[in-house]
Structures are given as C-alpha cells and as structure tokens.
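Participant:
Protein chains in written order, with our numbering: chain A, 3 to 206; chain B, 63 to 177.
In structure tokens form, the structure reads like this:
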C-alpha cells in the first residue's frame, strides 16, 4: 500500500497529502510522516511546489485534529449525563479534567510534533475532558506547523538519501512515542504502589 | 521489589501488563533505530535505490544527474512540476524496472554518485 501511496504523490500532488494528513490525525493507519518526507524530497527535485504542499499538509492535519476533537466533545456531553448518576466515576473525571487543564496546551503541542503517533488520541482526550476549544486550536496549529515543516524540511534537506532518513526518523518517532507511554504507565504504577503503602500504614 | 511486583500483579494486573508491553515495544524501537543508524552509517548503503514511484526528475536529483539529459534519454519532455514516474516511463517503453535501472545507471557516474 505504501508504494501505491508514494506513487500517488507523483500523480496527485498536494491533494493526496491533504487527504493523508487528514486521515492520519483521525488515527487511520496511513504513512503521513513518510509521505511528507517524500514530498519534501520532491520539492528539492522541483517536482512539487513548496507553498502548495505546506498548505495542503497543514490544512489536512489541522482539519483532522478539529474533527477528532469535535467528535470527542460530543461524546463528553453524553458522558456528563452518565457521570451525574455515578459519583465515583465522576470523581475520576474531575481528576482527568484538572490534568488536562494543567498540561493540555503543551500536551497538544508535543503530541503534534515530537510524539506525533500519539496525536489522534490526545485530540480525543482533550475533547472529552473539556480543554477549551480556542486553547486547543492555538496549540494544535502551532504543533502542526512544527510537524509539517520538520518533516517536509528534513525530506528536502536529505532528499538524495530518502530511504535512509525515513528509516531512521520514523523509528526514532516510534521510539519516542513508546517511551512516553512507558514512562506514563511507569508513573501510574509507582503511584499505585505509594497509595497501597500509604493505606497499609494508616491506623484502622 | 518482589513483593511490590506481586502486589501490582494482584491489584493492578492490567496496568502492569500494559507497562511491560510498552517497555518491550520501546526496546524493539530502540534496537531498530540503532540497527538502522549502523546500516546507514556505511556510505556504500547510502545511494538511493530506484523505485517505480519515483519521478524521473527526482532520480536525476538524487543521483546528481542532469534532469534534461535523463529526460532526453528516455524521450520525455523535461518540465518542472510535471511528474512522470520511473514506473510510468517503464510501462510506456515496455521496459521492466530492472531494465530502466540499467539504462539509468549507464547514464550515471560509477558508484557513489551522490557522495
């Protein structure tokens, strides 16, 4: 499938990049990062025009993020009705909202560029835990600009070694995303342990 | 340590399993990244391989050839932004990708053209 998609960059140009970045932001399994690196290389060889490609990638990605966020926001309204009847779960949601309120902005930014495989899930979480839309939009646009320019730029710079740079970069991006998830789960485990130690020492 | 793990296994089984899986995935990515970095650090591997999806101009660019000369050799007009891929030209000329590659290589300087 990847070969077909890469051939489509030559055949369709900007349009296919818009579609692919849009779908990738909704967690569809399309190789958006690889296609942006390739598009960057094709800009270097004068096969594609840089401004058109930047606009296509950026608008596809931001639009995809907004759709994910809006869907989750819809879900949140349904969730609120359900939680009002279950106080224990509602307490958990209050915690999640506080977390989003504190870390939401930078979280959205870094999940666009540094750990982009996590982006679609952050959109859903941000929408469902009530991050304000203007805040989401601003961080989203800043993050996607970084993502798009980083990948197109590296594709452009390393155009004659496209396979090498994509091999290394895509693995590195997977490594960072997996590392962030591992650290997050590790922290949750530590917290669970501390909680149980606390419970054990508490007088009954 | 052991009792901690036993405790987590009893009370937070899913969380612990998720952590182990995530740690293994991280390790796999780390190993792959190192292997790729080692492979690509060898200059002999760095020359871009020919693929059917590549536009002819891009092949010329990555092999440091004159795009107009390459285009002329395959009987296509060289125009910026007009992207004929190696695959399309091969199909038009009734060539296999391997034959295309040989013809292109005949036009390219010997090994390491982009070093």
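Idealized CB from N, CA, C, for every residue including glycine.
Taking just the CA atoms, how far does residue 125 of chain A sit from residue 136 of chain A?
Facilitator: 13 Å
Participant: Kindly indicate the opening and closing residues of the alpha helix (DSSP H) around residue 139 of chain B.
Facilitator: Run containing residue 139 of chain B: none; DSSP gives neither H nor E here.
Participant: In whole angstroms, what is the alpha-carbon distance linking residue 85 of chain A and residue 95 of chain A?
Facilitator: 8 Å
Participant: Keeping to the same chain, check which residues put their C-beta closer than 7 Å to that of residue 122 of chain A; ignore five residues upstream and five downstream.
Facilitator: Only 27, 28, 29 and 70 meet the Cβ criterion.
Participant: Can you tell me which of A/197, A/188 and A/196 puts its alpha carbon nearest to the alpha carbon of residue 80 of chain B?
Facilitator: A/188
Participant: Return no unless some Cβ of chain A is closer than 8 Å to the Cβ of residue 117 of chain B.
Facilitator: Yes, residue 117 of chain B lies at the interface with chain A (some Cβ there is under 8 Å from its Cβ).
Participant: Quick one: is residue 183 of chain A near chain B, going by C-beta distance under 8 Å?
Facilitator: yes
Participant: Have a look at A/115, A/37, A/55 and A/25 and flag the residue whose alpha-carbon is nearest the alpha-carbon of residue 7 of chain A.
Facilitator: Residue 7 of chain A has its Cα closest to that of A/37, out of A/115, A/37, A/55 and A/25.
Participant: What separation, rounded to the nearest whole angstrom, lies between the Cα atoms of residue 62 of chain A and residue 15 of chain A?
Facilitator: 14 Å
Participant: Give the single residue among A/22, A/144, A/81 and A/130 whose Cα lies nearest to the Cα of residue 58 of chain A.
Facilitator: It is A/22.
Participant: On the CB-based measure, 16 or more other CB atoms within 10 Å of its CB, does residue 128 of chain B come out buried or exposed?
Facilitator: Residue 128 of chain B is exposed by the Cβ-count criterion.
Participant: Per DSSP, residue 147 of chain B forms a beta bridge with which residues?
Facilitator: B/117
Participant: Could you give the distance in angstroms between the alpha-carbon of residue 89 of chain A and the alpha-carbon of residue 101 of chain A?
Facilitator: 19 Å
Participant: If you draw a straight line from the alpha carbon of residue 172 of chain A to that of residue 35 of chain A, how long is it in whole angstroms?
Facilitator: 7 Å
Participant: Just to confirm the assignment, what range does the alpha helix (DSSP H) spanning residue 107 of chain A have?
Facilitator: 89 to 112
Participant: Going by alpha carbons, who is nearest to residue 104 of chain A out of A/33, A/93 and A/128?
Facilitator: A/128
Participant: Could you tell me the boundaries of the alpha helix (DSSP H) in which residue 71 of chain A lies?
Facilitator: 52 to 85
Participant: Which one of A/164, A/201 and A/66 has the shortest CA to CA distance from residue 139 of chain A?
Facilitator: A/66
Participant: Checking 8 Å against the spacing of the C-beta atoms, do residue 158 of chain A and residue 45 of chain A come in under that value?
Facilitator: yes
Participant: Of all the options B/115, B/70, B/73 and B/88, which has the alpha carbon lying nearest to the alpha carbon of residue 13 of chain A?
Facilitator: B/115
Participant: Taking residue 183 of chain A as the reference, give the member of B/89, B/63, B/73 and B/154 with the closest Cα.
Facilitator: B/89
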